[in-house]
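Colleague:
Number of protein chains: 2
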Amino acid sequence: MSTPESWAYLNRVVEGPSRALQELLAAGRDADEIADGVRRRASWLGGLAEETAARHDWDRAEQDLAAAAEAGARLLTPEDADWPRLELDRAFGFAATGMSEHVRTYQSDAVTPHALWVRGGAVTPALAQSVAVVGTRAVTRYGVEVTRQIVGGLAAHQWTVVSGGALGIDTAAHEAALAAGGTTVAVTACGIDRVYPARNAALLDRIADVGCVISEYPPGTPPQRHRFLTRNRLVAALTRGTVVVEAAWRSGALNTLSWAEGLGRVAMAVPGPVTGAGSLGCHERIRHGRAQLVTGADDIRSLLGPAGAVDAAEQYELQFAPTAVQGLSRNELRVFDALDPGVGRAAQEVSAVAGLPLALTVHLLVDLGKRGLVAREGVEWRRAEE
Amino acid sequence: MSTPESWAYLNRVVEGPSRALQELLAAGRDADEIADGVRRRASWLGGLAEETAARHDWDRAEQDLAAAAEAGARLLTPEDADWPRLELDRAFGFAATGMSEHVRTYQSDAVTPHALWVRGGAVTPALAQSVAVVGTRAVTRYGVEVTRQIVGGLAAHQWTVVSGGALGIDTAAHEAALAAGGTTVAVTACGIDRVYPARNAALLDRIADVGCVISEYPPGTPPQRHRFLTRNRLVAALTRGTVVVEAAWRSGALNTLSWAEGLGRVAMAVPGPVTGAGSLGCHERIRHGRAQLVTGADDIRSLLGPAGAVDAAEQYELQFAPTAVQGLSRNELRVFDALDPGVGRAAQEVSAVAGLPLALTVHLLVDLGKRGLVAREGVEWRRAEE
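From first to last, the protein sequence lines are chains E and C. Under my numbering, the first residue of the first sequence carries the number 9, and numbering increases by one thereafter. Under my numbering, the first residue of the second sequence carries the number 9, and numbering increases by one thereafter.
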């Protein structure tokens, strides 16, 4: 385990994402070693030498960690159990196949983050079943109405709604998730201690209360155009699919959609009136087969697969699974495994052991119950007798 | 040439479309001979014997022709120069390839009509550059607004708008074409002397004034459900493509769209708000790749190709045409050929010789002029010096 200070230092002097840093990590050097190498301009830094040339002596790891703590945030690193490894590996592993033109164009951004600043609850459970809902800042009444309908339907089925915390559709999505008692996650493009846009201060606090706010940038970082684009890749990477609700011709939301494509996620768009320009971008993507047309939460859920399902490869394996338990998807298996044979557990306890949100856990338990794999006795759940 | 009475008799005793009748015609028997055969129950009638068993003595050709004349209509047969042969041959020729599931399901309807009753002007010029615009009877304000925008844009580029004369989107389409000074054609599902729906009496008169009203059924025929479906195939067959503007789940307009697919025409649908059910059918077709998403007249025109273009096969030939004149599309060639070398002609005269509407003729002349193939001198057009 490297020290948090090393990760914080690297996060400060290397603006993510950095392919050079990932290559050093992949080669087996840990964060302490790399941080030390950067400080003393080691010969083995490769591309990281140039990337850190101007910043390497900006050593303020302790101040950054303190500023984050002050803002109620923590630093999450790839060494933490809560690091969303599965999501990031899947997304950037797909990107590495070079199948997407978008990824080929923005190659330097098609790299996993090296650290995340987080305000709020655990990241991995919140993202276990998540979908991005994004769109234009210049919303119409139609866009807001559709966002509410869709997010309400997703939240009712325990889907976490991830968005960018921006004004317009992002705000409508977060608010609708909160109103429906769902979990929601905001991925921002500035330091975790900064509030942008300013008028969403209270909203971001409420998001941190039930889900979390995530940023790839060290405290104090101002939101800048290139960071919005980099942030968009993270929104697409952390979720199973991205839905663009309303986007005109050059909306940034379409960039998130391109990332979803490039990272092997499901890209979806909602059509709208052709009498305004609000849905032009959505129509364009649908027309060119770059996004699937969705009209509501049911469409989205069916494209993303059942509660626990993950992707085509896994589906293929499940299809040939010889036993019911082997046929369980990842999230279902997490819940099933959280029940020791012969021991009853309350849903709350199952949720804690499985590392999944309580509501999603109950949802999956009920589902497993219908398939005869688990049974409820009073308030306790146990594996069904085999 | 067979007599009109023979065709009128066949149109009365054989409810179109009839594959058995088409087979006899294809085998070289003319309408006089077939009519005579039906009257005397000839041995060579094949399937037509059964089709006409109950009706063969219903011999009222003269009354039908008189009733049509009374209503200002005439009988158009495959022997007339104005018979829309090219359109019908292309559509039902494509259907005969059996490529479409819709056509396989409704095989008995995938047959060309044997006669058409027409009220108004010439059919072939009106259809030379035409597109069907159809939709639900249960229109929303959105549907009407979109129809007006689209039809206005099509009419401005000399496209004839064909529809079914029904309430709702059909009415909006016809009215918008008339308001824009365009040509419009109604294909109805009842006798040419009947007005259905009754409240569209004045509209149908206005359509006949600038374009035409067409029916496959003999005078007096009431509109019935199966006839609407058969009529829909004719709307799709006579046009280069069909646009569904607004259609809920089970709208009849989707049937026209299926025919467009089945007859090798371009199937198009306009998206709309997902907050109502009005565009459900459109979204469903787009989602399944059974209709192209279009948002306005420009999209439609670009899918249907340039003013004179017809289809992929023709495009392929044009691509390898060694001279500019050989590179002309069908309609362009009709206009060019209407100008004799060395002789100047007014556009009105060119239009008459080419058998194309005046506005379309002018449109094409201007286009040919830009390409240096024709030149205007005062009010006259002539071929450019070679």
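Idealized CB from N, CA, C, for every residue including glycine.
With DSSP as the reference, label Trp389 of chain E as helix, strand or coil.
Modeller: As a first step, residue 389 of chain E must be located in the first sequence, where it is residue number 381. It is a strand residue.
Colleague: With a cut-off of 8 Å, does the C-beta of Leu271 of chain E fall near any C-beta of chain C?
Modeller: For the purposes of this step, residue 271 of chain E is identified with residue 263 of the first sequence, where counting begins at 1. No, because no Cβ of chain C sits closer than 8 Å to the Cβ of Leu271 of chain E.
Colleague: So is Arg258 of chain E in contact with chain C if we call contact Cβ pairs under 8 Å?
Modeller: Taking the first residue of the first sequence as position 1, residue 258 of chain E is located at position 250. By this cut-off, Arg258 of chain E is not an interface position.
Colleague: Return yes when the Cβ of Glu59 of chain E is within less than 8 Å of the Cβ of Ala39 of chain E, no when it is not.
Modeller: Here the question's residue 39 of chain E lines up with position 31 in the first sequence. Here the question's residue 59 of chain E lines up with position 51 in the first sequence. In this structure, Glu59 of chain E does not lie closer than 8 Å to Ala39 of chain E by Cβ.
Colleague: Tell me whether Trp257 of chain C sits in a helix, a strand or coil according to DSSP, three-state version.
Modeller: Residue mapping note: residue 257 of chain C aligns to position 249 of the second sequence, counting from 1. Coil.
Colleague: May I ask you to report which of helix, strand or coil DSSP gives Trp15 of chain C?
Modeller: Residue mapping note: residue 15 of chain C aligns to position 7 of the second sequence, counting from 1. DSSP places Trp15 of chain C in helix when its eight states are reduced to three.
Colleague: Consult DSSP for Ser51 of chain C and reduce its assignment to one of helix, strand or coil.
Modeller: Numbered from 1 along the second sequence, position 43 holds the residue referred to as residue 51 of chain C. Three-state result, Ser51 of chain C: helix.
Colleague: Is it true that the CB of Gly143 of chain E sits closer than 8 Å to the CB of Thr155 of chain E?
Modeller: Indexing the first sequence from 1 puts residue 155 of chain E at position 147. Indexing the first sequence from 1 puts residue 143 of chain E at position 135. In contact: Thr155 of chain E and Gly143 of chain E (Cβ atoms closer than 8 Å).
Colleague: Taking Arg295 of chain E as the query, report the chain C residues whose CB atoms sit under 9 Å from its CB, ordered along the chain.
Modeller: Within the first sequence, numbered from 1, the residue matching residue 295 of chain E stands at position 287. Near Arg295 of chain E (Cβ distances below 9 Å), the residues of chain C are Ile294, Gln300, Leu301, Val302, Thr303, Asp307.
Colleague: Considering Cα atoms alone, identify which of E:Leu288, E:Ala285, E:Gly280 is closest to Ala285 of chain C.
Modeller: Residue numbering aside, residue 285 of chain C sits at position 277 when the second sequence is read from its first letter. Taking only the C-alpha atoms, the option nearest Ala285 of chain C is E:Gly280.
Colleague: In terms of alpha-carbon separation, which member of E:Ala392, E:Arg298, E:Ser14, E:Ile308 lies closest to His165 of chain E?
Modeller: Taking the first residue of the first sequence as 1, we reach residue 165 of chain E at position 157. Residue E:Ile308 is the option with its Cα nearest to His165 of chain E.
Colleague: Thinking C-beta only, is Val170 of chain C closer than 8 Å to Leu262 of chain C?
Modeller: Looking up residue 262 of chain C in the second sequence gives position 254. Looking up residue 170 of chain C in the second sequence gives position 162. No; because the gap between Cβ atoms is not below 8 Å, this pair is not in contact.
Colleague: Taking 8 Å as the CB-CB cut-off, is Glu153 of chain C touching chain E?
Modeller: Here residue 153 of chain C refers to the residue found at position 145 of the second sequence. Yes, its Cβ sits closer than 8 Å to a Cβ of chain E.
Colleague: Scan the stretch 265-302 of chain E and note each continuous beta strand (DSSP E) run of 3 residues or more that stays entirely inside, going in chain order.
Modeller: With a minimum length of 3 residues, the continuous beta strand (DSSP E) runs that stay inside the stretch 265-302 of chain E are 274-277.
Colleague: Rounded to the nearest angstrom, how far is the Cβ of Asn19 of chain E from that of Ala123 of chain E, given a contact under 8 Å?
Modeller: Your numbering for residue 19 of chain E matches position 11 in the first sequence. Your numbering for residue 123 of chain E matches position 115 in the first sequence. 4 Å between Cβ atoms; contact.
Colleague: Out of curiosity, what's the CA-to-CA distance linking Lys378 of chain E and Gly386 of chain E?
Modeller: Residue numbering aside, residue 378 of chain E sits at position 370 when the first sequence is read from its first letter. Residue numbering aside, residue 386 of chain E sits at position 378 when the first sequence is read from its first letter. Whole-angstrom Cα-Cα distance: 16 Å.
Colleague: Among residues of its own chain, excluding the 5 on either side of Tyr204 of chain E, which ones have a beta-carbon nearer than 6 Å to its beta-carbon?
Modeller: Counting from one through the first sequence, the residue named residue 204 of chain E turns up at place 196. Contacts found: Cys198, Pro231.
Colleague: Given this structure, state the Cα-to-Cα distance separating Val243 of chain E from Asn240 of chain C, to the nearest angstrom.
Modeller: The residue labelled residue 243 of chain E in the question sits at position 235 within the first sequence. The residue labelled residue 240 of chain C in the question sits at position 232 within the second sequence. Val243 of chain E and Asn240 of chain C: Cα-Cα distance of roughly 47 Å.
Colleague: Relative to the C-alpha of Thr229 of chain E, which candidate in E:Thr168, E:Asp97, E:Trp125 has its C-alpha closest?
Modeller: Within the first sequence, residue 229 of chain E is the residue found at index 221, counting from 1. Among E:Thr168, E:Asp97, E:Trp125, the Cα nearest to that of Thr229 of chain E belongs to E:Trp125.
Colleague: If you count every other CB in all the chains shown that lies within 10 Å of the CB of Ala34 of chain E, and 16 or more means buried, which is it?
Modeller: The count along the first sequence starts at 1 and reaches residue 34 of chain E at position 26. Answer is exposed; the Cβ neighbour count stays below 16.
Colleague: Leaving out five residues on either side along the sequence, give the residues of the same chain with a beta carbon under 6 Å from the beta carbon of Gly190 of chain C.
Modeller: Within the second sequence, numbered from 1, the residue matching residue 190 of chain C stands at position 182. Correct list, in chain order: Ala163.
Colleague: Tell me the rounded alpha-carbon separation between Arg149 of chain C and Pro121 of chain C.
Modeller: In the second sequence, counting from the first residue as 1, residue 149 of chain C sits at position 141. In the second sequence, counting from the first residue as 1, residue 121 of chain C sits at position 113. Arg149 of chain C and Pro121 of chain C: Cα-Cα distance of roughly 36 Å.
Colleague: Please state whether the Cβ-Cβ distance between Gly80 of chain C and Asp217 of chain C is less than 8 Å.
Modeller: The residue given as residue 80 of chain C occupies position 72 in the second sequence. The residue given as residue 217 of chain C occupies position 209 in the second sequence. No.
Colleague: Does DSSP classify Arg127 of chain E as helix, strand or coil?
Modeller: Within the first sequence, the letter at position 119 stands for residue 127 of chain E. Reduced to three states, the DSSP call for Arg127 of chain E is strand.
Colleague: If we ignore side chains and look at the alpha-carbon of each, how far apart do Leu265 of chain E and Ala362 of chain E end up?
Modeller: As a working mapping, residue 265 of chain E is identified with position 257 in the first sequence. As a working mapping, residue 362 of chain E is identified with position 354 in the first sequence. Near 31 Å, if we compare the C-alpha coordinates of Ala362 of chain E and Leu265 of chain E.
Colleague: Say whether chain C places a C-beta atom closer than 8 Å to the C-beta of Gly160 of chain E.
Modeller: As a working note, residue 160 of chain E is residue 152 in the first sequence. So, not an interface residue.
Colleague: If the cut is a Cβ gap below 7 Å, which residues of chain E does Pro281 of chain C touch?
Modeller: For the purposes of this step, residue 281 of chain C is taken as the residue at position 273 of the second sequence. The answer, in chain order, is Tyr150, Gly280, Pro281.
Colleague: So which residues of chain E does Gln157 of chain C contact, with C-beta pairs closer than 9 Å?
Modeller: Walking along the second sequence from the start, residue 157 of chain C turns up at place 149. Those within 9 Å of Gln157 of chain C in chain E are Val282, Thr283.
Colleague: Suppose you measure from the CA of Gly55 of chain E to the CA of Val46 of chain E; what does that come to, to the nearest Å?
Modeller: Sequence index remark: in the first sequence, residue 55 of chain E carries index 47 (1-based). Sequence index remark: in the first sequence, residue 46 of chain E carries index 38 (1-based). Cα-Cα distance, rounded: 11 Å.
Colleague: In the DSSP assignment, what residue or residues form a beta bridge with Leu84 of chain E?
Modeller: Here residue 84 of chain E corresponds to residue number 76 of the first sequence, with the count starting at 1. According to DSSP, Leu84 of chain E bridges with E:Leu124.
Colleague: Using a Cβ-Cβ cut-off of 8 Å, state whether Arg291 of chain E counts as contacting chain C.
Modeller: Here residue 291 of chain E corresponds to residue number 283 of the first sequence, with the count starting at 1. Just to set this straight, residue 291 of chain E is His in the shown sequence, not Arg. At least one chain C Cβ lies under 8 Å of His291 of chain E.
Colleague: Alpha carbon to alpha carbon, how far is Val374 of chain C from Val318 of chain C? Give it in angstroms, no decimals.
Modeller: Residue 318 of chain C sits at position 310 when you count from the first residue of the second sequence. Residue 374 of chain C sits at position 366 when you count from the first residue of the second sequence. Summary for Val318 of chain C: the model assigns pLDDT 47, below 50, so the residue's position carries little reliability, and this model does not support an answer.
Colleague: Going by DSSP, what residues sit across from Ser337 of chain C in a beta bridge?
Modeller: Your numbering for residue 337 of chain C matches position 329 in the second sequence. Beta-bridge pairing links Ser337 of chain C to no other residue.
Colleague: Exposed or buried, what is Thr196 of chain C when buried is set at 16 or more other beta-carbons lying within 10 Å of its beta-carbon?
Modeller: For the purposes of this step, residue 196 of chain C is identified with residue 188 of the second sequence, where counting begins at 1. With 16 or more other Cβ atoms within 10 Å, it is buried.
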